[in-house]
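Terminal number for the sequence shown in this note's numbering: 279, no gaps in between.
In this text, a Cβ means the ideal position worked out from N, Cα and C, and glycines have one as well.
Values in this document were obtained by computation on a predicted structure and should not be read as measured data.
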Amino acid sequence: ISEAIIRPMVQDIQNNAQFAGLQASIEGNTYVTEIIVDDSRKASSVKIQRQGKDSSELIQADAVVLAVGVTGLKKIIQQSPSLANISPDLRRAAGSMKAIDVIATRIWFDKKVNCPFPSNVFSEYSELEGAGGTFFCLDTLHDNPWGEEDNANNKGTVVAADFYNACNLMYLSDEEIKRRLVEVMLPSAVPSFKDAKVIDMWIKRFPQAVTHFAPGSASTRPPQKIPEIDNLVVAGDLVRGLEHGSAGPSQ
């Protein structure tokens with residue numbers, strides 16, 4: 029994700045700014061704590077907090093793009109009274125929208141496993157404890173899931189398995205998550221996994237990280253353009269009224 033999406037996007041921002049005679053600075057480890065809307069109904073300044081610093085900073089803004097998830101949006105709106113007061117759409121989103129926990133795993137096996145389908149869904153497994161589950165055979169979907177171009181053809185299958193709405197699984201140990209996947213769920217879905225050994229695996233937990241597209245939630249999602257504020261827009265899969273995001277690939 030970093031190499032294929034984030035870095036090129038950062039480079040485009042910097043190149044476009046340079047072309048326009050401006051300078052773009054990407055501030056890592058820096059968090060927005062408040063967006064301030066002035067009397068002319070413009071988001072005129074943003075309060076930021078740098079990691080490791082005791083005090084916050086106020087920077088002037090020509091425009092603001094709220095490219096955050098539900099959890100980030102809630103925190104910003106809660107700390108931005110002038111923004112919350114003027115925008116019912118953002119108030120509604122912050123008050124009503126929910127996020128879900130996600131567990132992401134990557135598993136490297138010692139041999140090739142012939143998966144009938146590259147993209148798969150787990151269902152009706154007691155090991156899920158109410159979560160949704162998917163797994164993808166990356167050696168089928170990607171040219172080189174191993175990252176070692178010379179040896180890619182000699183490597184085994186690589187699986188990405190993810191759990192959504194995983195609140196009941198978040199506090200399981202890594203070993204228990206591994207056991208459920210490698211010993212129960214994957215061999216049940218594709219029997220050939222019984223003969224493959226795990227040579228490496230990583231597990232990441234992301235609390236409240238993904239938009240919860242629950243029935244009835246569409247009306248609470250914000251539009252891309254906030255009508256009350258001239259220079260503020262919202263980006264991400266939580267935006268309503270667009271033919272992508274929750275209405276397209278992420279659904």
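Bounds of the beta strand (DSSP E) holding Phe191 are 186–192. The straight-line gap separating the alpha-carbon atoms of Ser110 and Thr99 is approximately 19 Å. Checking the DSSP bridge columns, you'll see Ala127 partnered with Thr239.
Boundaries of the beta strand (DSSP E) around Gly160: 160–165. Straight through space, the alpha carbons of Ala52 and Arg35 are spaced by roughly 14 Å. Straight across, the Cα-Cα distance linking Gln236 with Ser30 is about 21 Å. The beta-bridge partner set that DSSP reports for Trp230 consists of Arg134. Listed in chain order, the non-local C-beta contacts of Thr58 below 8 Å within the same chain comprise Ile76, Gln77, Arg78, Gln79, local neighbours out to five positions each way being set aside. Under DSSP, Val65 shares a beta bridge with Ala71. Contact between Trp136 and Met213 fails: their C-beta atoms lie close to 17 Å from each other, not under 8 Å.
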